[in-house]
Amino acid sequence: MPNAKSPRVRAVPAVTRAVAILRLLSRSPAPQSLKTIAETLDLVPSTALHIVRALLAEDLLQVDAQTKRYSLGVGMLPLARAVLENAADFPSLMRPKLEEISSRYGVMAIGVEVPDLDNMIVVALARSQAPVRLHVDIGSRFPALISATGRCVAAFSGQPEKEIEKRFRLLRWHNAPTFEAWRKEVDQVRKQGFSIDRGNYIAGVTIVAVPVLNTKGTITHTIAAVGLGSQLDRATSLALARDMRAVAQEIAAQLAIHA
């Protein structure tokens, strides 16, 4: 459990709204109109316009001159590239490992950063040909405690159970476990070093996850593999979990060297 309280973050409305616009457009499959942006984010249209103009000036957004619809701009690329290149360097260390896991087991393999109890962020990815119903891309965010990865986060985050339970109650599952059953699964993850979710999060889908721990034994990242339940039987899932656990330990050691 952390000894020091996290510093209070004072809200800066203009920054918060600008980030909300960027996130909205990053999730949108098509460019959006100013009206849609304002309505979706509950912004006054004139406020949305001022923020959009500022983002356009920095090339963080672009606008179609004919349709007047907005999308992310090329100015996002150097920012994203800098994050990936200077991230000490989990994404670049993970990419070849994820490709190997994906190729060997026919699964989607994912490298995830875990900044807090609220969100986990996909930072590396290797896709498979399996028709899995989970839309994932670099930068995708998911609730930090969901599925197999969430059990790893709960087991190794060092956070108070009260905070964990509060967030657990907000999760949406296909087949939700009770908190008591889930807590026992978290205890098991703490002992065995991996988690397997069979259809709890998504029907017919099995997700295997392992934690990547820092030198204090606290989770910083996870590695997850997503496949069809019919594809990942018990023996295959356990073999996959063991291989992923070995990769996690290797990556953790490399990150510690560069810390």
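Using this note's numbering, you'd call the opening residue of the sequence shown number 1266 and step up by one each time. All C-beta atoms in this analysis are idealised placements derived from N, C-alpha and C, irrespective of residue type, glycine included.
- Note that the C-beta distance between Ile1484 and Leu1478 is below 7 Å.
- Note on Leu1344: under 16 other CB atoms within 10 angstroms of its CB, so exposed under the neighbour-count rule.
- Secondary structure note for Gly1340: it is in no alpha helix (DSSP H), with a DSSP letter that is neither H nor E.
- For Val1512, the three-state secondary structure derived from DSSP is helix.
- Closest option to His1439, judged by alpha-carbon separation, among Met1341, Leu1287, Gly1464, Asp1498: Gly1464.
- Rounded to whole angstroms, the separation of the alpha carbons of Ala1500 and Glu1515 is 23 Å.
- Between Val1401 and Ala1420, the gap from beta carbon to beta carbon reaches 7 Å or more.
- Under the Cβ criterion (8 Å, minimum of three pairs), the segment 1307–1319 counts as touching the segment 1282–1289.
- Taking Glu1364 as the centre and dropping the five residues before and after it, the same chain places the C-beta of Ala1391 closer than 6 Å to its C-beta, in chain order.
- Fully contained in the segment 1345–1389 are the following alpha helix (DSSP H) runs of length 4 or more, in chain order: 1355–1370.
- Cβ atoms of Gly1371 and Ile1386 stay farther apart than 8 Å, at about 25 Å.
- Taking the Cα positions, Arg1334 is about 32 Å away from Pro1380.
- Straight through space, the alpha carbons of Asp1498 and Ala1518 are spaced by roughly 30 Å.
- In this structure, Ala1490 places its C-beta atom within 7 Å of the C-beta atom of Val1473.
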